[in-house]
Amino acid sequence: MTTVWRAFQRIPSAADKFERLPLFAQSTTGNPHYFDNGSFTGKLLINCMSVDQQLKGLRESGMPTVTEELNELLSSYGLMRDDLWSFVSCRGFLSEGELGIHPVWQGAAEMDTVLNVPIKELLKLKRVWPVKGKKVWILENSSVCSTIVDEVPGAPVICTHGQFRAASWVLLNLLVESGCYLYYSGDLDPEGITMAQRLKDRFPDRVIFWRMDTASYEVSISDEDISSRLSKMQNITSPELVEVATVLIERQKAGYQEGLVNRLIEDIRREY
């Protein structure tokens, strides 16, 4: 247990360069398999992370139960098990690596093509910026994002495919470093609102909530009962989100992005 605790204290910051878990294990314990998934010591390290997140109010009690949750927890500490699994979808961006403008990104921008970029490739980049302007449009849902891509050619759009993966954070860090503003739109349910809060916590001066207000909730409200998930919003602090979270708690119904897609399209069209 002492070895695990010492290793936990040496975990890299997610704000810096990510490190593969086996290499971290090798550097801290001398054994690259020390923190393998399913091992006793691997479970102890995950438990340290889980408790740390709970004490900071960043997650509810309990251990990760699915692979995506586990990878998300590791990525929040700058660790990754698989640098190909974690990817983010984007359209309308250019990037620069060690050899200059990246030809794949340049070609995709010229052809208005969507890229699915794994963290392995993102970590090779020095800069990323939109082809047009400084506003970046971030969407939680792939179907909504795909519709917007079809309707608004060239607009710099990102899809997270649900919860932020490590690749999403790396790309967003690069965009903020380039002076971009992040317009985020997610589902108006406990998970979407919690994601919006996490993004605001990470980039407080660069995040603008996009169609995540009470008026948008009234337009997108569904019949889905979310009463069992409302406790996930207990750490919401942004005034804009507190307002809509309060309405969600009262109504106990989810609002979904699909009901706002035409408004989202018009918002972007006004910018281009």
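Quick note on UniProt numbering: the sequence shown kicks off at 1 and runs consecutively. Cβ atoms here follow ideal geometry from the backbone N, Cα and C, with glycine treated the same way.
Minimum C-alpha distance to residue i - residue among the options
i      : options                           : result
Val136 : Thr29, Glu96 and Arg91            : Arg91
Leu84  : Asn71, Glu96 and Ser95            : Asn71
Thr160 : Gly154, Glu151, Val152 and Val144 : Val144
Glu110 : Pro153, Ile193, Trp169 and Glu218 : Pro153
Lys253 : Glu240, Ile236 and Glu218         : Glu218
Lys124 : Tyr184, Ala25, Leu171 and Arg202  : Leu171
Ile158 : Leu21, Leu94 and Met80            : Leu94
Gly255 : Glu224, Asp150, Lys132 and Ile101 : Glu224
Thr147 : Arg20, Thr3 and Gln257            : Gln257
Asp201 : Arg211, Arg251, Pro239 and Arg229 : Pro239
Separation of residue j from residue i, as counted between CA atoms
i           : j      : result
residue 308 : Ala167 : Examination of residue 308 is not possible in this model, given that the chain is present from 1 through 272 alone.
Asp187      : Asp213 : 11 Å
Ser50       : Trp5   : 13 Å
Gly57       : Ile226 : 21 Å
Ile208      : Gln9   : 34 Å
His33       : Ile221 : 47 Å
Ile268      : Met195 : 21 Å
Tyr184      : Met63  : 28 Å
Glu121      : Ile193 : 29 Å
Gly100      : Ile46  : 39 Å
CB-CB length for residue i against residue j, believed under 8 Å
i      : j      : result
Phe18  : Ile119 : 7 Å
Leu21  : Met80  : 7 Å
Gly162 : Lys126 : Actually they are not in contact, since the Cβ atoms of Gly162 and Lys126 sit about 28 Å apart, beyond 8 Å.
Val114 : Phe87  : With 8 Å as the limit, Val114 and Phe87 do not qualify as a contact, their Cβ atoms being about 12 Å apart.
Buried versus exposed, by CB contacts within 10 Å (16 or more), residue i
i           : result
Glu140      : buried
Asp112      : exposed
Pro156      : buried
residue 325 : Look at the range of the chain in this structure, 1 to 272, and you will see that residue 325 is not part of it.
Asp54       : The question names Asp, but residue 54 is Gln in the sequence shown. Gln54 is exposed by the Cβ-count criterion.
Glu271      : exposed
Gln197      : buried
Arg59       : buried
Cβ-heavy atom distance, residue i to the ligand PLP, below 7 Å
i     : result
Glu69 : For the structure depicted, the ligand PLP is absent and the ligand set is empty, with no information on it obtainable.
Bridge-paired residues (DSSP) for residue i
i      : result
Lys120 : Note: Lys120 sits in no beta bridge, so no partner.
Glu19  : Leu79
Glu96  : Ile101 and Arg127
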